[in-house]
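Notes follow the structure.
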Amino acid sequence: MAKFKHNSFLDTVDEVFTDAIKSGVLHLYAEDDQFTGRRIRIGNRDLFHFGTTGYLGLEQDPRLKRAAIDAIQKYGTQFPLSKSYVSFVLYRALEERLFEMYNNPIVVTKNSTLGHIGVIPCAVRDEDAVIIDHQAHWSMHNACQLLKPRGIPVELIRHNNLDMLEEKIKELRRKCDKIWYMADGIYSMYGDCAPIPELMELYKKYPQLHLYFDDVHGMSWVGKNGTGYVMDQLKTLPERVLLFGTLSKSFGASGAVLVTSNAEMHRRIKTFGGPLTFSAQLEPASVAAACASADIHLSDEIYRMQQELLDNILYFNTMLSRTDLPLLERNNCPVFYIGTGMPVTGYNFVNRLMNEGFFVNLGIYPGVPVKNTGVRLTISRHNQREEMKALVEAMVYHYPKALAETETTLNKVRRAFHMPVAEKSKDMAVVRKDMIVQYETSISAIDKAYWNQWMGKKSVFDWDGLNFLEQVFQNNEKPEHNWSFHYFIVRDKQANTLIVTFFCQARWKDDMLAPASVSRQLEEKRLQEPYYLTSSVLGMGSLFTEGDHCYINRDFPAWNDALRVLLDSVETLDDTLQTSMIVLRDFKPDEVLNEFFHNQGFIKVDMPESCILENMEWKTHDEYLSTLSARSRKHFKNDIKPYEQYFEVVCKQTADMEELRHFYALYENVRTRNFDLNTFTFPEKLFISMAQNPQWEFIALYLKEEYDPRPERKAVGVMFCYKNLEYTYVPSFIGMDYEYIQQYQIYRQLLYQTIVRAHVLNFHKVDFGMTAAFEKKKVGATIIPKVAYVQPKDNFSFELISGMQNQLIGQVTPK
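So this is what it looks like as structure tokens:
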């Protein structure tokens, strides 16, 4: 079957960033004539700076400035020569100082990103494997892409999930020599830490385990000689640990430093490490400034600076503790994160703070899950207590106003971050008194004619179709075969219908839309663990249905308010169900809806295209052919018509158990091969129920006796078809015998015979559904792009379910 285009990670990030740029919180320009570190000028406004990563303020230290100026005067702006030939004259002095700081061999790199690109492919051998924390810095994920062509297994784990890490270690240790775990020391968004003591327990338990830390946000402000958070925890560097620190950020200069206690590893990386060999070396000013900073780090002065920063951090923590602002992580790190939940709330809050004279950063996807948008504050030695106090007061004043203006609540934000919920009296939910939400858990509670008025003639979700699905997907043995149904109708006080839709809570495979290569790998794992990387999802529509699952009255002036009321109701339900994500599908691409859903905390994901045949007015075979393009007519004459003679086509309203089991086996043949849309199997009960329901029928293809060599004649293909209100004919899914599929073009014949059957029954439309759009277009179907909007609880499952994790990391089949 033809593949569909998977969602592009870069396209998604582009859309998210574009919204943030429009809101005036990203891609800004500083307009200062000079910097002090305490203030920054943006848009003709002088703002107190609470967004720096120069936590110790060394970038403004006069000694670093004088050293940089002197180096430029003596040596010029750059030293244009590869380090493989000659290093700049001050490099040896810098390397000696860094060696003294760490008491271990070091390698200086242009920056940490190029450092990872140089070190990771050099340190990780072809017989090794990599496990990487999902929230580890992008630069490490990007460097691991270079391992993919070498067939090196690269696995992701959920953030700081040590149980998942150990499970991966056990899985890989029989296949690989070394197992590298890669993580940040301090994570740059939330300011939380890697669990170093627990990781060292695993290090001792598994001799194959090697640790690789990026500690650029832990550098300078903590640790002996300012060597960072990881070294402060470890005290001495074990042989199987590689550590990256930075010479920028808190260090105040430029560049990065790799530290290793393994002399052979140091030699190999320094000898040839990709961009360490071929990229330009640090500029004279940067090397000189780094030398001056290293002198400070090697003196007792670094501890005075660390204490001054710690005093600021403790003061800011104390101020925040007197508020009910949702601070995500409370520790002694200079990074603070105040959750806002929805992106639109984050935009509003950041702009309010900027208007009050404070510059802060916005944390958005992909740095954090989209529903975990928030304000990232950083504290430095530049900050004074009066402006820290003023910032907290401004946040206390503006935070509830930002919530109210964007129609959200403190409790909703807290729930998004899995934080304790505030008192109910503080949860002033915005209620639209002019709108009423009807919520039901069975279609039987909704008038049949009313439901069909808005949702009939579509797929298998007219009233009868949903009643059928409710009976099938309950009281089953396996959890994936039990779904809960949830119906929502939003009306105004005049009883005008504004929104009609339904949702199902069901178990999804996290790789449902991932590339087929990823799903094949995961299915091997599921042979032993059937529910490996599967999640409970609250999805619009169901895994059985396709199409426009949501009616929205766009003629209603406040339709977006009605949609917001719906989302509030759905999120309240989701809090009860405790699912991993909410998925809204299948929408046609729409820029207005796209911006609305993104602001409400959803990310757009491309879905497989829908295929609908609506031109059913033809009366003869020739008239049908005239509706096709010249190329499709040629396809029909070569690949469909000549094979019709081999088949007996039987339309069956029912079937006995033996034949149903055969139909089920044919269906499983297709499902187990179709990794482009990787779902659980349906229960056998479904097929039995179809045979007992007058709205279902089976189009079965039998090879004529003279072409069928088998002793017992059985169908070689079957289409399972639903008759929707005598208007839409719905071939819901297909079964085929792969021994004969190519020889007799079974798939194409089934598509054509479905059209013939729909025409005989006088249906107005054939809803061919998703996947294989190329083949369906050949028989006259119109291709309709579809998108979904996903609100994940974390990025891990979302990126896998949307097919984006493969682009982030480069998942490969393990050796």
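So the number in my numbering is just where the residue sits in the sequence shown, counting from 1, plus 800. Ideal Cβ positions, reconstructed from N, Cα and C, are used throughout, including at glycine. Remember, it's a predicted structure, so these values are computed and weren't measured experimentally.
Per DSSP, His1421 is one residue of the alpha helix (DSSP H) stretching across His1421 to Ser1426. Within the model, the alpha-carbon separation for Leu1266 versus Leu1367 is close to 22 Å.
The bridge partners DSSP lists for Gln1081 come to none.
Taking 3 residues as the minimum length, the beta strand (DSSP E) runs contained wholly in the stretch 1024-1079 are 1041-1046 and 1056-1060, in order along the chain.
The C-beta distance from Arg1291 to Ile1236 rounds to 5 Å, short enough to meet the 8 Å contact threshold. Put simply, of Thr1297, Lys1434, Val1041 and Ala820 the residue whose alpha carbon is nearest the alpha carbon of Met1000 is Val1041. DSSP lists no bridge partner for Ser1020. With contacts defined by Cβ atoms closer than 9 Å, Leu1210 and Leu1477 do not form a contacting pair. Of all alpha-carbon atoms in Ile1499, Met1536, Asp1456 and His1421, the one lying nearest the alpha-carbon of Asn1469 is that of Met1536. Note on Pro997: under 16 other CB atoms within 10 angstroms of its CB, so exposed under the neighbour-count rule. A Cβ-Cβ contact shorter than 9 Å links Glu1346 with Gly1569. In the structure shown, Pro997 falls within a helical segment according to DSSP collapsed to helix, strand and coil. Segment contact: the stretch 1478-1491 against the stretch 1296-1314, three or more CB-CB distances shorter than 8 Å; contact assigned. In this chain, the alpha helix (DSSP H) harbouring Asn1112 covers Glu1101 to Ser1121. Taken in chain order, the unbroken stretches of beta strand (DSSP E) that lie wholly in the stretch 1324-1360 and span 3 residues or more are 1334-1340 and 1350-1352.
For Thr1528, DSSP records a beta bridge to Asn1524 and Lys1565. For Gln1549, the uninterrupted alpha helix (DSSP H) segment begins and ends at Ile1546 to Val1560.
Cβ atoms of Ile1138 and Gly1167 stay farther apart than 8 Å, at about 15 Å. For Asp870, the enclosing alpha helix (DSSP H) stretches over residues Pro862 to Tyr875. Take Gly1018, set aside five residues on each side of it, and the residues of its chain with a beta-carbon closer than 7 Å to its own are Gly985, Ile986, Gly1028, Tyr1029 and Val1030, in chain order. Every alpha helix (DSSP H) of 4 residues or more that sits fully in the stretch 928-997 is shown, in chain order, as 938-944 and 962-972.
In this structure, the straight-line span from the alpha carbon of Glu1444 to that of Tyr1540 is close to 14 Å. The C-alpha of Trp1496 lies about 48 Å from the C-alpha of Ile931. Distance from the CA atom of Pro1007 to the CA atom of Tyr1467, rounded to whole angstroms, is 47 Å.
Around the CB of Glu895, 16 or more other CB atoms lie within 10 Å, so the residue is classed as buried. Inclusion of Ala830 and Ile821 in the CB contact set at 9 Å is not warranted, their separation being larger than that value.
Phe835 is not bridged by DSSP to any residue.
At the C-beta level, Ala1094 and Met901 come within 9 Å of one another. Take the alpha-carbon of Asp1439 and the one of Val1170: they are about 47 Å apart. When the Cα atoms are used, Val1087 and Asp963 turn out to be separated by approximately 42 Å. The bridge partners DSSP lists for Glu1187 come to none. For the pair Gly991 and Pro880, the CB atoms are not nearer than the 9 Å cut-off.
Secondary structure at Ile1179: coil, using DSSP grouped into helix, strand and coil.
Comparing alpha carbon positions, the residue from Asn1524, Asn844, Lys883 and Glu971 closest to Gln1253 is Asn1524. Where Gly857 is concerned, there is no enclosing alpha helix (DSSP H), because DSSP gives it neither an H nor an E.
In the DSSP annotation of this structure, Glu1497 is not part of any alpha helix (DSSP H); the continuous beta strand (DSSP E) holding it starts and ends at Trp1496 to Leu1503.
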